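Everything on this sheet refers to the single structure shown next.
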Amino acid sequence: MPLYHTEDQAMLADTARGFIAEEGNIAKGLRHWRDRNCKDGFGHALWKQMAEMGFTGMLVEEADGGLGMGHVEAGIVLEEIGRNLTPSPFLTSSVLAATALKHGSDDLKGRYLPGLIAGDSVFAVAIDETAKHRPSRITTRAEKSGNGFRLNGAKSFVIQGASADMIVVATRTSGSDDDADGITLFAVPRDAAGMSHDAVRLVDSAMATHTRFDGVELDGDAVIGEIDGGRAVLDAMLIAGRVGAAAEGVGVARGAMDMTVDYLKQRKQFGKLIGEFQALQHRASHLYSEVEIARAATIKAQQLLDAGSANADLMASVAKAKVAKTARLAVQEGVQMHGGIGMTDEYDIGLYMKRDRALAEFLGDAHFHANRVAELSGY
1 MPLYHTEDQA MLADTARGFI AEEGNIAKGL RHWRDRNCKD GFGHALWKQM AEMGFTGMLV
61 EEADGGLGMG HVEAGIVLEE IGRNLTPSPF LTSSVLAATA LKHGSDDLKG RYLPGLIAGD
121 SVFAVAIDET AKHRPSRITT RAEKSGNGFR LNGAKSFVIQ GASADMIVVA TRTSGSDDDA
181 DGITLFAVPR DAAGMSHDAV RLVDSAMATH TRFDGVELDG DAVIGEIDGG RAVLDAMLIA
241 GRVGAAAEGV GVARGAMDMT VDYLKQRKQF GKLIGEFQAL QHRASHLYSE VEIARAATIK
301 AQQLLDAGSA NADLMASVAK AKVAKTARLA VQEGVQMHGG IGMTDEYDIG LYMKRDRALA
361 EFLGDAHFHA NRVAELSGY
């Protein structure tokens, strides 16, 4: 498969680029909601506009009212979200939660997917229980209670947890904490009694929660997939989320790179544009090459995932690790080439650095995924 977009995908990219640059740019989006200390961290009006564009239901099957598109198309939107640092629940709602709900019952799909497609609902996922990503260890318990289940435990850094209308929660219904089996996923509504949130603002100004479940009662209809058989659903959700996060990371890297190159073309020092200095040209050229490699790895992961390839999991980790390193290079080079003003809040380059730091940790950092690549490759 060629590592570039088809004609239809290129048209989608043009549409997404223009729309998000106009409606979700840094001034209208990130700075606007950050400076107003918005409790949700994003604008619901923009989320509604994204629904009108068809973005929110891209990964939802046509039979369920969505567009039935793939991860290449979702990645196109995510790259523009990253490029503009747009605060949006797209990754958690339209990628992670939507992937999980594909495995849900018709009743569960009918309950939640229409709201997602219309832009009326926001979803979150609760997987990690510590500061670092460790999906192999699930200690939150769901025990049988009558015809349903009772949830007890806690989850950390649930992105959009406070504003979510539903949270996909990974729990343990049997076995020990580190067992691969015995996992069950639940769709927990926002008004569930016994669920509480401690809101935290992340370094990139996104909102997350530390969420507790104290005797949360759920009926059997809240189960996503099979009881004790949720590992496959969780893995599918994680692969989709990692590929999506990589796409957004490519956007962050490209946005930082573009801003830096523009600055090199404008800033004068010693009587000439600093972009004329060969040392800076070499650094900019190297950065461009690294960003293109990261983008190619991400597109390959998207294509393999859409094709149902067994190698999609491996390539998702390759992409996530590569993008994490490349985006860090892009923001570091950006701040350095901007000089002292790169450290000020008035210039957007520092905002790219903050977003990169948060996104790099989401669903596993570069070290986590480099280790996964080694393990999946037999080392």
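Last residue of the sequence shown: 379 (the UniProt record's numbering), numbering continuous.
Glycine residues also receive a C-beta, built at the ideal position from the N, C-alpha and C atoms.
Owing to the predicted nature of the structure, the values given are computational and were not obtained by experimental measurement.
Same chain, Cβ closer than 6 Å to residue i, five either side skipped, listed in chain order
i, result
"glycine 29", "Thr86 and Pro87"
"histidine 210", "Ser156 and Asp198"
"methionine 166", "Tyr112, Phe123, Ala187 and Pro189"
"arginine 212", "Ala154 and Ser196"
"alanine 358", "Leu202, Val203 and Asp204"
"methionine 69", "Met58"
"alanine 192", "Val216"
"glycine 194", "Asp214, Gly215 and Val216"
"leucine 91", "Gly244"
Endpoints, the alpha helix (DSSP H) within which residue i is located
i, result
"threonine 260", "231-264"
"alanine 164", "Neither: alanine 164 is in no alpha helix (DSSP H) and is coded neither H nor E."
"alanine 307", "Counting along the chain, alanine 307 falls outside any alpha helix (DSSP H), and DSSP gives it neither H nor E."
"valine 331", "312-338"
"glycine 115", "106-118"
"histidine 103", "Element bounds for histidine 103: n/a, residue is neither H nor E."
"valine 95", "Premise fails: valine 95 is in no alpha helix (DSSP H) and is neither H nor E."
"asparagine 37", "Note, asparagine 37: premise wrong, no alpha helix (DSSP H); not H, not E."
Residue i classed as buried or exposed, judged by whether at least 16 other C-beta atoms fall within 10 angstroms
i, result
"asparagine 84", "buried"
"threonine 6", "exposed"
"threonine 140", "buried"
"aspartate 177", "exposed"
"histidine 367", "exposed"
"glutamate 62", "exposed"
"isoleucine 18", "Checking the displayed sequence, the identity of residue 18 turns out to be glycine instead of isoleucine. That one is exposed."
"aspartate 356", "buried"
"glutamate 22", "exposed"
"histidine 286", "exposed"
"isoleucine 239", "buried"
"alanine 27", "exposed"
"alanine 294", "buried"
"glutamine 278", "exposed"
Endpoints, beta strand (DSSP E) assigned at residue i
i, result
"glutamate 143", "141-145"
"glycine 148", "148-159"
"glutamate 346", "Element bounds for glutamate 346: n/a, residue is neither H nor E."
"isoleucine 76", "Isoleucine 76 -> not in any beta strand (DSSP E); alpha helix (DSSP H) instead, spanning 71-84."
"histidine 210", "207-219"
"residue 408", "With the chain represented from 1 up to 379, any question about residue 408 goes unanswered, as that position is not in the structure."
"methionine 195", "195-201"
"valine 125", "123-126"
"valine 188", "183-189"
Rounded separation between residue i and residue j - CA only
i, j, result
"arginine 254", "aspartate 365", "19 Å"
"arginine 150", "glycine 220", "10 Å"
"glycine 148", "leucine 218", "6 Å"
"valine 203", "alanine 307", "36 Å"
"glycine 54", "serine 377", "38 Å"
"glutamate 73", "methionine 58", "8 Å"
"glycine 82", "glycine 146", "45 Å"
"glutamine 266", "valine 252", "21 Å"
"valine 158", "threonine 15", "30 Å"
"isoleucine 76", "serine 93", "16 Å"
"serine 309", "asparagine 37", "43 Å"
"isoleucine 117", "aspartate 64", "10 Å"
"lysine 39", "alanine 131", "22 Å"
"valine 216", "alanine 162", "16 Å"
"arginine 328", "glutamate 143", "42 Å"
"leucine 67", "threonine 56", "9 Å"
"serine 105", "alanine 98", "13 Å"
"valine 233", "methionine 259", "39 Å"
"glutamine 269", "glutamate 346", "21 Å"
"residue 422", "serine 174", "With the chain represented from 1 up to 379, any question about residue 422 goes unanswered, as that position is not in the structure."
"leucine 235", "asparagine 311", "First, the residue type needs correcting, since residue 235 is aspartate and not leucine in the sequence shown. C-alpha separation (whole angstroms): 13 Å."
"valine 261", "aspartate 107", "51 Å"
"glycine 110", "isoleucine 224", "13 Å"
"aspartate 120", "methionine 207", "19 Å"
"asparagine 25", "leucine 46", "11 Å"
"glutamine 49", "glycine 115", "14 Å"
"histidine 44", "leucine 185", "27 Å"
"valine 95", "valine 168", "12 Å"
Beta-carbon contacts of residue i that lie in its chain and below 7 Å, excluding the five residues immediately before and after
i, result
"isoleucine 138", "Ala170, Thr171, Arg172, Asp177 and Ile183"
"lysine 300", "Leu3 and Met315"
"phenylalanine 42", "Trp33, Pro87, Ser88 and Pro89"
"glutamate 80", "Ala16, Arg17, Ile20 and Gly251"
"alanine 13", "His5 and Ile76"
"glutamine 9", "Val72, Glu73 and Ile76"
Spatial neighbours of residue i in its chain, beta-carbon cut-off 8 Å, leaving aside the 5 residues before and after
i, result
"arginine 134", "Asp128"
"valine 335", "Gly342, Met343, Ile349, Gly350 and Met353"
Chain B contact for residue i (CB, 8 Å cutoff)
i, result
"isoleucine 159", "Absent from the structure is chain B; it holds one protein chain and no more."
Between the region 278-285 and the region 227-247, do at least 3 Cβ pairs fall closer than 8 Å? no
Can at least three beta-carbon pairs, one atom from the region 257-276 and one from the region 217-232, be found at a separation below 8 Å? no
For the region 366-376 against the region 308-322, do three or more pairs of beta-carbon atoms, one drawn from each stretch, fall closer than 8 Å, so that the two count as touching? yes
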